[in-house]
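Chemist: Can you read through this structure? Questions will come right after.
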Amino acid sequence: MARPRMSSDPPAVDRVPGAHEVTTTTTICEARAQLHLTGESAAVVYRNGRPVGVVTAAALASARMAGGADAPIGTVMDYVAVPVDRKADAAETVHVFDHAWDWLKRRTRASRP
269 MARPRMSSDP PAVDRVPGAH EVTTTTTICE ARAQLHLTGE SAAVVYRNGR
319 PVGVVTAAAL ASARMAGGAD APIGTVMDYV AVPVDRKADA AETVHVFDHA
369 WDWLKRRTRA SRP
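Per my numbering, the sequence shown runs over residues 269 to 381.
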């Protein structure tokens, strides 16, 4: 069964021949080429078919300038998507946000010289 779209505006990967989904393992160089191809300034980053974050062209350009063109974009995502289960209790929800916070702390430590 196909998942319904969130918006009536299809993503650029549906509109541009040769465009493909950006994943956490896509390299910074590949993601920059993808944004150039689609004309978008940011891309949703997917893992296992689910959105996990957003990466912008500015973040990709900065990472490339720092010599990380072959690094996966999971290391430079600007925003982390946090799935929230409406039926979960407060403790479960906080746990999910803590996991996202752990990712952000790891990314920040990894980017320091």
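All C-beta atoms in this analysis are idealised placements derived from N, C-alpha and C, irrespective of residue type, glycine included.
None of these values were measured; they are calculated from a predicted model.
Within the same chain, show all residues whose beta-carbon is closer than 6 angstroms to that of G425, passing over the 5 residues directly before and after it, in chain order.
Modeler: Outside the shown range of the chain (269 to 381) lies residue 425, about which nothing can therefore be said.
Chemist: With distances taken between CB atoms, is the gap from V350 to A356 smaller than 9 angstroms?
Modeler: Walking along the sequence shown from the start, residue 350 turns up at place 82. Walking along the sequence shown from the start, residue 356 turns up at place 88. No, the pair does not count as a contact, with Cβ atoms beyond the cut-off.
Chemist: Please classify T361: does DSSP put it in a helix, a strand, or coil?
Modeler: Start at 1 with the first residue of the sequence shown, and residue 361 comes out as number 93. In this structure, T361 counts as helix in the three-state DSSP scheme.
Chemist: From G336 to G317, what does the alpha carbon distance come to, in whole angstroms?
Modeler: To locate residue 336, count along the sequence shown from 1; it is residue 68. To locate residue 317, count along the sequence shown from 1; it is residue 49. Approximately 25 angstroms, taken between the alpha carbons.
Chemist: Excluding sequence positions up to five away, which residues of its chain have a Cβ less than 7 angstroms from the Cβ of M388?
Modeler: Nothing can be reported for residue 388: it is not among the residues displayed for the chain, which extend from 269 to 381.
Chemist: Should V362 go down as buried or exposed, given a rule of 16 or more other Cβ atoms within 10 Å for buried?
Modeler: Numbered from 1 along the sequence shown, position 94 holds the residue referred to as residue 362. It counts as exposed.
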